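Remarks on the structure that follows.
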Amino acid sequence: MAKKKAYVAKDCVACGCCVKVCPLDAISVYKGLYASVDTNKCVGCGKCATACPAQVITIEAKEAVLC
Ligand code: SF4
Ligand code: SF4
1 MAKKKAYVAK
11 DCVACGCCVK
21 VCPLDAISVY
31 KGLYASVDTN
41 KCVGCGKCAT
51 ACPAQVITIE
61 AKEAVLC
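Under this note's numbering, the sequence shown has 32 at position 32, and the numbering climbs by one with no breaks.
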């Protein structure tokens with residue numbers, strides 16, 4: 001079963017609030033444009049989703065896509 005991870009929707013306003021609260025340094029703001037999650041580090045704790053003022057982070061368990 002897939003583990004839960006954070007996913008950022010396209011409406012991210014790049015405020016950086018999520019970056020400050022992540023205990024694993026798994027989320028960063030890419031080139032000042034939008035937040036990006038390192039899914040290898042993310043443990044799905046949900047702290048970033050709680051901190052996001054735009055409410056664009058969801059914590060989901062998605063199966064890996066094999067191609
Ligand atoms: S769910 Fe937790 S570990 Fe994953 S990016 Fe958000 S704060 Fe970091
Ligand atoms: S807290 Fe939300 S709006 Fe701000 S950078 Fe993170 S995902 Fe984007």
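Ideal Cβ placement from N, Cα and C applies to all residues, glycine included.
Keep in mind it's a predicted model, so treat the numbers as computed, not measured.
If we count the other Cβ atoms within 10 Å of its Cβ and call it buried at 16 or more, is residue i buried or exposed?
i      : result
Lys-10 : exposed
Lys-31 : exposed
Ala-35 : buried
Could you tell me which of the options sits nearest to residue i, measuring between CA atoms?
i      : options                           : result
Cys-17 : Thr-39, Thr-50, Val-43 and Asp-38 : Thr-50
Pro-53 : Leu-24, Met-1, Val-13 and Lys-3   : Val-13
With a threshold of 7 Å on Cβ separation, who are the neighbours of residue i within its own chain once the five nearest residues in sequence on each side are excluded?
i      : result
Ala-6  : Ile-27, Val-37, Cys-42, Gly-44, Cys-48, Ala-49, Ile-57 and Ile-59
Leu-33 : Ala-14
Val-29 : Ala-14, Gly-16, Val-19 and Ala-35
Quick one: residues in its chain with C-beta nearer than 8 Å to the C-beta of residue i, no 5 flanking neighbours on either side, listed in chain order?
i      : result
Pro-23 : Cys-45 and Lys-47
Taking CB distances under 7 Å as the criterion, tell me whether residue i reaches chain B.
i      : result
Asp-25 : Considering every chain present, this structure includes no chain B. It has just one protein chain.
Discussion item. Which residues end up in the neighbourhood of ligand 2 when you take C-beta atoms closer than 7 Å to any of its heavy atoms?
Written reply: Val-8, Cys-12, Val-13, Ala-14, Cys-15, Gly-16, Cys-17, Cys-18, Val-19, Ile-27, Val-29, Tyr-34, Ala-35, Cys-48, Ala-51, Cys-52, Pro-53, Ala-54, Val-56 and Ile-57
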